[in-house]
Amino acid sequence: MAVLAPEPFLSLRTRSAVRTVGSLRSGWTKADTFLLLSIGILPVWWVLGFAQFLWGAIALPLFFMVLRLPEIRLPRGSGLWMLYIGWTILSASQLDELNHVLAYVYRMTVLFGAALLFVYLYNQPAEQVPRERVIGWMCVFWAWIALGGLLGVLAPNFTINSVAHRLLVGFLPGDLGSNGWFVSLTTPRAAQVQDFLGFPLPRPAAPFSYTNEWGSCFAFTAPFAFAGLLIFRGWRRSLLLAVTLIAFVPAIVSLNRGLWVTVIVGGLYFAVRSAWEGRPQAAVTVGAIGAILGLLIVVTPMRTLVEGRFESDHSNVARLTLYTTVAQEVQHSPLFGYGVPRVSEDYPNLPAIGTHGHFWTALYSQGIPGLLLFLAASLSSAWRSGARCRNDRVGTWMHIVVSMVLVEMWFYEFLPAQWFIVVVAMALALRAPAGSLASETQTQGSGQGRSVRFGDAPGASAQRSAVPLMAFEPQSLEPTDPVDTGLVDTDTRAAFDAYVSTPFAPRAEGTSPDATADQRPTRFGGASDGELAHHRAPHSAYTGEPAVHGSVTGERHGVIWVTGTAHSEPHTAQDIATDPSSASTRTRIATRLPPDDRWGESP
């Protein structure tokens, strides 16, 4: 028999224990500094002309930040991504021109930067770098994309002769300084003006170089905005809602069909998954949002734009030519591909072969093995993030970002900012939640020798091993006021605060636990991969001292997750109080609060 016992615990009665994650001002960390200097001041980098180089430049500071980690852990499935990166390195053997080498170096620095960012965020203790805090920064990124889209609609001819272009053009050999690709990277412009509908149409691009990149990043960051609407309260939520509503205007005007498809698929998936997990109201909300957007299109001039976009074959013929050419060319270099996309001699007026879809980029640049490794890694990450985020509304949006890779890969190339967005979502979806043993292990590991470990997130094995625990009756339970209005699950955290501080009395001798199970307001049990599992055990010699202490890890669909300590042998409260180190096994413990109006929203 195992007994839930207190560990050297973080008191839940102090305000600092249930710390506010809604504010970006408290508890500033190195991660905040990094995110501020990258996406926080992104418009500054864009105006200077360095924005497109930012995503590769982050690799250098991230390299040293990762080296300073006390321990490096990687989730299961990381080996597939390592193999994909390794195969991408091998494809460099196919480079034969200087401009191809420069393009390859640019792409690899972006890929390495994204990989290092994932490792760093995944290994950050969730108590120090909360998920909600990172999502807040990504909402700032979303705001810059939305405002850049508005700039493209309102001032489509806005452009800047950037500092980056003037500085770098003198250092590039030959005529690379006038190369169209380089010019597009270093010349900020608000929009790409195209006339495929018979009249000049501004398609938003800021703060990126191309409208397709803007649309791709819009689709990838939209789930962060929806997650933020679940997290934030007060003026933050109102501001985010306003930005989100405004953002869909340039999204429609951009005529990015890939953006539309990705957002629709992501929204439908969230609705279906939420309904499957017992949250039909989420499906209704998604349907209502879709209906409002549809009505907005029908009753406004945007209807003409949308109809014209679907009737026009602009880009259809060009894309089909690019894709068929990839299939033909890869037959001549099926093993390593060609290293990077290249301009075709047969179609010099078309974009480079191997662009307009990362599926085609991987196939053309890294060959058939590279494509298979990319698909395997993407599928693995989507599957594992989905399993990890069951019954977690915020986590589900992170999982959707990871899953969107499988949608966007057909028509958008992931260069350069898209990798940044995807790995942030992947790290948040796969890493250990706040207060879990995994996160504690990461915090306590500072100062120890650095090592690299593969497998599940720390503590995941403990989550799989369901440990039978005691069930106790609360002698009294009084609701408390919300701790902070910046938290989604404030009421339930406050209620749990009161609950764990209440003395527990053992069940009467001879009472069947199953007979009283349904009458108990709260039950404890081992948990596996986010699913609540109830384990009941007959009463043993446990005294009536306050017994349940732990660190709140967050709420998942009405379930409060805490870190507790499980003993493989029965102990009394006195034994545990005098020797907390006697615990032999740790696990995450789950408790469901009663569906009572006193606790706010019922599970």
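The working numbering puts the sequence shown at residues 469 to 1071. Virtual Cβ for every residue (Gly too), placed ideally from N, Cα, C.
- Closest Cα partner of residue 634 within the set 793, 866, 516: The shortest C-alpha separation from residue 634 is found at 516.
- Can you name the start and end residues of the beta strand (DSSP E) that residue 592 belongs to? Element bounds for residue 592: n/a, residue is neither H nor E.
- Task: Could you give the DSSP three-state label for residue 667: helix, strand or coil?
- Result: Of the three classes helix, strand and coil, the one that applies to residue 667 here is coil, per DSSP.
- Task: Answer yes or no: do residue 891 and residue 585 have a C-beta to C-beta separation smaller than 8 Å?
- Result: Against a cut-off of 8 Å, the Cβ pair of residue 585 and residue 891 comes out as a contact.
- Task: Could you tell me if residue 600 is buried or exposed, where buried requires 16 or more neighbouring beta carbons within 10 angstroms of its beta carbon?
- Result: It counts as buried.
- Message: Using 8 Å for Cβ pairs, my map puts residue 826 next to residue 770. What's the rounded Cβ distance?
- Response: Actually they are not in contact, since the Cβ atoms of residue 826 and residue 770 sit about 29 Å apart, beyond 8 Å.
- Please list the segments of the alpha helix (DSSP H) lying wholly inside the region 597 to 661, counting only runs of 4 or more residues, in order along the chain. Those alpha helix (DSSP H) runs which fall completely within the region 597 to 661 and span 4+ residues are 599 to 622, 631 to 636, 648 to 654.
- Task: Please state whether DSSP places residue 672 in a helix, a strand or coil.
- Result: If DSSP states are grouped into helix, strand and coil, residue 672 belongs with the strands.
- Item | Inter-residue Cα distance where the pair is residue 588 and residue 530 | A straight-line Cα-Cα distance of about 7 Å links residue 588 and residue 530.
- Same chain, Cβ closer than 7 Å to residue 631, neighbours up to 5 away in sequence not counted: Same-chain partners within the cutoff: 516, 517.
- Message: Tell me which residues share the same chain as residue 879 and place their Cβ nearer than 7 Å to its Cβ, disregarding the 5 neighbours each side in the sequence.
- Response: Once the five neighbours on either side are set aside, the close Cβ partners of residue 879 are 726, 824, 825.
- Item | Continuous beta strand (DSSP E) stretch holding residue 541: start and end | 540 to 542 is the extent of the beta strand (DSSP E) around residue 541.
- Item | Residue from 875, 889, 834, 900 whose Cα sits closest to the Cα of residue 857 | When each option's Cα is compared against that of residue 857, the closest is 900.
- Which of the three DSSP states, helix, strand or coil, is assigned to residue 741? Residue state, collapsed to three classes: helix.
- Would you decide whether residue 667 is buried or exposed? Buried here means 16 or more other CB atoms lie within 10 Å of its CB. Taking a 10 Å sphere around the C-beta of residue 667, we find fewer than 16 other C-beta atoms and assign the residue as exposed.
- Could you give the distance in angstroms between the alpha-carbon of residue 765 and the alpha-carbon of residue 756? A straight-line Cα-Cα distance of about 14 Å links residue 765 and residue 756.
- Find out if the Cβ-Cβ distance for the pair residue 807, residue 574 is shorter than 8 Å. No, the Cβ-Cβ distance between residue 807 and residue 574 is not below 8 Å.
- Determine, using beta carbons only, whether residue 849 and residue 862 come nearer to each other than 8 Å. The answer is no: Cβ separation not under 8 Å.
- Query: For residue 866 versus residue 893, is the C-beta spacing smaller than 8 Å?
  - Reply: By the CB criterion at 8 Å, residue 866 and residue 893 fall inside the cutoff.
- Message: What does the Cβ neighbour count give for residue 506, buried or exposed, with the cut at 16 atoms within 10 Å?
- Response: Under the 10 Å beta carbon count, residue 506 is surrounded by 16 or more other beta carbons and is classified as buried.
- C-alpha distance - residue 944 paired with residue 594, whole-angstrom precision: With a pLDDT of 32 at residue 944, under the threshold of 50, the modelled position of this residue cannot be trusted, and the question is left open.
- Message: Can you give me the C-alpha to C-alpha distance between residue 676 and residue 705, rounded to a whole angstrom?
- Response: Cα to Cα, residue 676 sits roughly 26 Å from residue 705.
- Check each candidate in 722, 752, 793 and name the one with the smallest Cα separation from residue 776. Ranked by Cα distance from residue 776, the options 722, 752, 793 are led by 722.
- Start and end of the alpha helix (DSSP H) containing residue 872? Residues 861 to 876.
- Task: Under 8 Å by Cβ, that's how I've got residue 659 and residue 624 pegged, so tell me the actual separation to the nearest angstrom.
- Result: Yes, residue 659 and residue 624 are in contact; Cβ-Cβ is about 4 Å, under 8 Å.
- Quick one: what does DSSP say residue 1012 is sitting in, helix, strand or coil? Confidence at residue 1012 is low in this model, with a pLDDT of 32, below 50, so its placement is unreliable and no value can be given for it.
- Message: Among the candidates 583, 745, 523, 612, whose CA atom is the shortest distance from the CA of residue 551?
- Response: The residue with the shortest Cα to Cα distance from residue 551 is 583.
- Hey, residue 794 and residue 832: beta-carbon distance below 8 Å or not? The answer is yes: Cβ separation under 8 Å.
- Task: Look up residue 858 in the DSSP assignment and give the residues it is bridged to.
- Result: Answer is none; residue 858 lacks a bridge partner.
- Measure the Cβ-Cβ separation of residue 804 and residue 548 and say whether it is below 8 Å. Cβ distance not < 8 Å, so residue 804 and residue 548 don't count as in contact.
- Query: Is residue 714 helix, strand or coil by DSSP?
  - Reply: Helix, per DSSP.
- Task: Please go through the same chain and pick out, in chain order, the residues whose beta-carbon is closer than 6 Å to the beta-carbon of residue 616, but skip the five residues on each side of it.
- Result: Beyond the five residues adjoining it in sequence on each side, residue 616 comes within less than 6 Å, by CB distance, of 674, 675 in the same chain, given in chain order.
- Cβ neighbours of residue 836 in the same chain (closer than 6 Å, five flanking residues each side left out): Once the five neighbours on either side are set aside, the close Cβ partners of residue 836 are 802.
- Item | Inter-stretch contact at 8 Å, needing at least 3 Cβ pairs: the region 691 to 702 / the region 744 to 752 | Short answer: they don't touch.
- Query: Hey, quick one: how far does the alpha helix (DSSP H) through residue 891 stretch, first residue to last?
  - Reply: First-last of the alpha helix (DSSP H) with residue 891: 885 to 898.
- List the residues that DSSP assigns as beta-bridge partners of residue 821. The bridge partners DSSP lists for residue 821 are 810.
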